[in-house]
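Chain order of the listed sequences is L and P. So the number in this note's numbering is just where the residue sits in the first sequence, counting from 1, plus 46. So the number in this note's numbering is just where the residue sits in the second sequence, counting from 1, plus 59. Cβ coordinates follow ideal geometry from the N, Cα and C atoms, glycine included. To start, the structure itself, in structure tokens.
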Amino acid sequence: MTDVLVCIKRVPDTGGEITLTQDAMSIDTRYVGHTVSPHEECAVELAIQTAKATDGAATVLSLGSADSLEQIRDALAVGCTGAVLIDAEAEKFGPADVARAIAEVVHAHEQEGRTYDLVLLGNDAADTGDFQVGIRLAYALDRPVVAGVSTIEVVGDRVVARADGADGTDIFEVELPAVLTVMEGGIEPRYPSIPGRMKAKRVTVETVTPTGEPAGSGRVRLKLPPTQPSQVEILGEGPEAAAAVVDLLERLGVSR
Amino acid sequence: MTLVLVETDATGAIEVSRETLTFVRELAQPVSALVVGEVPDGLADQLGAYGVVSLLHAQGTAFTTYAPAAWAAAVVAAKSASGAAVVTAAGTPRGNEVMAHVACRLDVAMAANVVTIDGTDPLLVSRQVLGGSALEELRLDDAPAVLSVAGHACVAKPADSPVSTKVDTIDVQVSDDDLRAQVARTEAGEPDESGALKTARVVVGAGRGAGSVDGFKDLVELADLLGGALGVSRVVTSLGWRPHHEQVGQTGSRISPDLYIPCGISGAIQHWVGCSSAKTILAINSDPDAPMVTKAHYAVIGDLHKIVPAINEELRRRRRA
Chain L
47 MTDVLVCIKR VPDTGGEITL TQDAMSIDTR YVGHTVSPHE ECAVELAIQT
97 AKATDGAATV LSLGSADSLE QIRDALAVGC TGAVLIDAEA EKFGPADVAR
147 AIAEVVHAHE QEGRTYDLVL LGNDAADTGD FQVGIRLAYA LDRPVVAGVS
197 TIEVVGDRVV ARADGADGTD IFEVELPAVL TVMEGGIEPR YPSIPGRMKA
247 KRVTVETVTP TGEPAGSGRV RLKLPPTQPS QVEILGEGPE AAAAVVDLLE
297 RLGVSR
Chain P
60 MTLVLVETDA TGAIEVSRET LTFVRELAQP VSALVVGEVP DGLADQLGAY
110 GVVSLLHAQG TAFTTYAPAA WAAAVVAAKS ASGAAVVTAA GTPRGNEVMA
160 HVACRLDVAM AANVVTIDGT DPLLVSRQVL GGSALEELRL DDAPAVLSVA
210 GHACVAKPAD SPVSTKVDTI DVQVSDDDLR AQVARTEAGE PDESGALKTA
260 RVVVGAGRGA GSVDGFKDLV ELADLLGGAL GVSRVVTSLG WRPHHEQVGQ
310 TGSRISPDLY IPCGISGAIQ HWVGCSSAKT ILAINSDPDA PMVTKAHYAV
360 IGDLHKIVPA INEELRRRRR A
């Protein structure tokens, strides 16, 4: 009966071009969709699989505005059964603030008699890329933590976690309760079904407000790498360009 | 003093750690290096060439296998021993993990994947966000400043004049709690087969546009015809289409061939940092606005599955002629 908490973050889906807000403090998200990072999709999948395998439960948590309910519902639709929204302006929260706010929820639920055996997070957020929220959370909860795990298995009172190491696959065996941050690649996340989506709509999302003021991240501004004017010479379109390509290869002296 | 956690393999400091040693010279402070576990032969000389004045060495049973918190304890001990005001590591998975632990233990901020130092009083850095497509200027007011240096933020280069490196073993207090998460065993991975890719004169790149695990035949053939190697983007290895040792980019190999032919690669910044040193880039892509196309010297627009076989055929035809 492994009780799993999985933490996700709503982030802009910046496949295309990025523009910044006027004050350069954030990305202009007016015309972009939102998503969660691939790491977190894998974390959600691992949470659900672990809950199923152990007859436990998977609860999803996110810190952000009510807009984050979209990502919370996605996680509910694939099999999480409980949800917490930490209602806060995510932009004002630095990584230490986020970890503290999550720790508050974990502690509050412990007071109510519910201990999360496992807390899963993404290895790093797709937008801020801080690489530290999970580790800071582990310190706040005084729990062991492994970063960048790709697969996990709960065996008795331990979790066996596999992570890509310098010399192969590192295998950790960590006593529960523990915190793990997940790296994409070890598992294929599932897609929500229509009945899953319907079920997700009926789950009550617990909404909490963090205590205290966030310290922030120390961000001064965002900037985009300078774009060089394109100097590209188009050799042609489609297979008809093959001769021009081989001409070029010959000119460069690499054709044989 | 600046402290750099140096990761090593049998040959010495790994490339990204040497990049970090190069990068921190901008701080114009003497540099100490910390090595945890075994010290490879000749490391002190190698670090001396990079201008490292002091090599601190943490050893003992706690470091037999990797335990991130124990490594962080070693970094904190080395920070105290050296009096470092800036504590750094390369932005590898291990470097970022250990630096995050260090920041927690010292109750300071941590900046991951820094690419430039923009000011030193107060310390102002730019770091990669959005997977490298944007930068965040960040103020690091805490003492010490803890940061990791993004892979390939600079080219590893020995110092202008080598120094002699003093080697000291440091005492590290590792608690039982620090060993709660420790590698129990390691399963051998594939041997490093990226050597051919790093030294090839021609690299044929393949991205998501390859389409499937079966979509690489023509690309491999083109690489073979040109006596080159195949390199792929991260999505290709993430999807399990090709092995990791073929990956080019921030978390893969950095290549500098005479010619790079990225096919079906959009050119995300993480990939670009690994291939931008190519002398000539010929992009093959269906999207004329893809960053890889606009940054390339030459481009062919269209479906790589039609274009690449035509190039292969043309190469064979001219060879027969």
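Cα-Cα separation, residue i to residue j
| i | j | result |
| --- | --- | --- |
| residue 199(L) | residue 148(P) | 31 angstroms |
| residue 231(P) | residue 241(P) | 16 angstroms |
| residue 269(L) | residue 204(L) | 44 angstroms |
| residue 292(P) | residue 371(P) | 22 angstroms |
| residue 320(P) | residue 356(P) | 10 angstroms |
| residue 284(L) | residue 194(P) | 36 angstroms |
| residue 311(P) | residue 158(L) | 46 angstroms |
| residue 318(L) | residue 111(P) | The structure shown has nothing for residue 318(L), since chain L only spans 47 to 302. |
| residue 73(P) | residue 65(P) | 8 angstroms |
| residue 139(P) | residue 138(L) | 32 angstroms |
| residue 80(P) | residue 63(P) | 7 angstroms |
| residue 304(P) | residue 156(L) | 44 angstroms |
| residue 204(P) | residue 146(P) | 6 angstroms |
| residue 135(P) | residue 183(L) | 19 angstroms |
| residue 284(P) | residue 215(P) | 32 angstroms |
| residue 145(L) | residue 106(P) | 37 angstroms |
| residue 336(P) | residue 267(P) | 22 angstroms |
| residue 165(P) | residue 246(L) | 41 angstroms |
| residue 69(L) | residue 267(L) | 8 angstroms |
| residue 201(P) | residue 61(P) | 14 angstroms |
| residue 363(P) | residue 296(P) | 19 angstroms |
| residue 333(P) | residue 377(P) | 32 angstroms |
| residue 67(L) | residue 196(P) | 15 angstroms |
| residue 257(L) | residue 154(L) | 12 angstroms |
| residue 68(P) | residue 120(P) | 19 angstroms |
| residue 254(P) | residue 75(P) | 16 angstroms |
| residue 201(L) | residue 243(L) | 31 angstroms |
| residue 178(P) | residue 324(P) | 35 angstroms |
| residue 286(P) | residue 75(L) | 46 angstroms |
| residue 227(P) | residue 103(P) | 11 angstroms |
| residue 166(L) | residue 126(P) | 19 angstroms |
Reduced DSSP category for residue i - H, G, I as helix; E, B as strand; rest coil
| i | result |
| --- | --- |
| residue 36(P) | Because chain P in this structure spans residues 60 to 380, residue 36(P) falls outside the shown range and cannot be described. |
| residue 319(P) | strand |
| residue 58(L) | strand |
| residue 169(P) | strand |
| residue 317(L) | Outside the modelled stretch of chain L, which goes from 47 to 302, sits residue 317(L), for which no answer is possible. |
| residue 379(P) | helix |
| residue 160(P) | helix |
| residue 96(L) | helix |
| residue 116(P) | strand |
| residue 154(P) | helix |
| residue 277(L) | coil |
| residue 178(P) | strand |
| residue 69(L) | coil |
Given residue i as reference, the closest of the options once Cα atoms are compared
| i | options | result |
| --- | --- | --- |
| residue 197(L) | 94(L), 289(L), 107(L), 237(L) | 94(L) |
| residue 263(L) | 111(L), 110(L), 141(L), 69(L) | 141(L) |
| residue 110(L) | 72(L), 117(L), 136(L) | 136(L) |
| residue 176(P) | 233(P), 84(P), 367(P) | 84(P) |
| residue 51(L) | 164(L), 266(L), 186(L) | 164(L) |
| residue 215(L) | 298(L), 112(L), 231(L) | 231(L) |
| residue 195(L) | 82(L), 218(L), 185(L) | 218(L) |
| residue 188(L) | 173(P), 236(P), 226(P), 199(P) | 236(P) |
| residue 142(P) | 93(P), 330(P), 172(P) | 93(P) |
| residue 369(P) | 298(P), 234(P), 278(P) | 278(P) |
| residue 92(L) | 81(L), 82(L), 104(L), 83(L) | 104(L) |
Counting Cβ pairs, one atom from each stretch, are 3 or more of them under 8 angstroms apart for the region 218-225 of chain L and the region 238-256 of chain L? Short answer: they don't touch.
Is there contact between the region 113-128 of chain L and the region 235-245 of chain L, where contact requires at least three CB pairs shorter than 8 angstroms? A contact exists between the region 113-128 of chain L and the region 235-245 of chain L.
At least 3 beta-carbon pairs within less than 8 angstroms: the region 239-247 of chain L vs the region 299-316 of chain P: At 8 angstroms Cβ cutoff, the stretches do not touch.
Please confirm if the region 284-300 of chain P is in contact with the region 261-273 of chain P, defined as three or more CB-CB distances below 8 angstroms between the two stretches. Three or more Cβ pairs drawn from the region 284-300 of chain P and the region 261-273 of chain P lie within less than 8 angstroms of each other, which places the two stretches in contact.
Per the contact definition of three or more C-beta pairs closer than 8 angstroms, is the region 72-89 of chain P in contact with the region 295-302 of chain L? No, the region 295-302 of chain L does not touch the region 72-89 of chain P.
Mind the definition here: the region 186-193 of chain P touches the region 161-179 of chain L only if three or more C-beta pairs lie below 8 angstroms; say whether that holds. Result yes; three or more Cβ-Cβ pairs closer than 8 angstroms.
Counting Cβ pairs, one atom from each stretch, are 3 or more of them under 8 angstroms apart for the region 209-217 of chain L and the region 233-247 of chain P? The region 209-217 of chain L makes contact with the region 233-247 of chain P, as at least three CB pairs between them are under 8 angstroms.
Jot down the residue ranges of each uninterrupted alpha helix (DSSP H) in the region 119-205 of chain L, minimum 4 residues, whole runs only, in chain order. Counting only runs of 4 or more residues that sit fully inside the region 119-205 of chain L, the alpha helix (DSSP H) segments are 141-157, 179-187, in chain order.
Whole beta strand (DSSP E) runs in the region 235-273 of chain L with 3 or more residues, listed along the chain? Segments of the beta strand (DSSP E) lying fully in the region 235-273 of chain L: 251-254, 265-269.
Please list the segments of the alpha helix (DSSP H) lying wholly inside the region 269-307 of chain P, counting only runs of 4 or more residues, in order along the chain. Inside the region 269-307 of chain P, DSSP marks whole alpha helix (DSSP H) runs of 4 or more residues at positions 276-284, 293-297, from first to last along the chain.
Assess, as a yes-or-no matter, whether the region 60-69 of chain L is touched by the region 179-188 of chain L under the definition of 3 or more beta carbon pairs within less than 8 angstroms. Touching, no.
Quick one: any contact between the region 141-156 of chain L and the region 72-91 of chain L, if contact means 3 or more CB pairs under 8 angstroms? Result no; under three Cβ-Cβ pairs closer than 8 angstroms.
Contained beta strand (DSSP E) runs [length at least 3] in the region 308-376 of chain P, N- to C-terminal order: Qualifying beta strand (DSSP E) stretches, in chain order: 318-322, 339-344, 357-360.
Whole beta strand (DSSP E) runs in the region 86-112 of chain P with 3 or more residues, listed along the chain? Taking only runs of at least 3 residues, the beta strand (DSSP E) segments lying wholly in the region 86-112 of chain P are 90-95.
Closer than 8 angstroms, Cβ to any Cβ of chain B: which residues of the region 359-376 of chain P, in chain order? Within the model displayed, chain B is absent; protein chains L and P are what it includes.
With three or more beta-carbon pairs closer than 8 angstroms as the criterion, would you say the region 209-220 of chain P touches the region 346-363 of chain P? With a cut-off of 8 angstroms, the region 346-363 of chain P and the region 209-220 of chain P do not count as touching, because too few Cβ pairs lie within range.
Any 3 or more C-beta pairs closer than 8 angstroms across the region 121-132 of chain P and the region 154-162 of chain P: Yes: at least three Cβ pairs fall under 8 angstroms.
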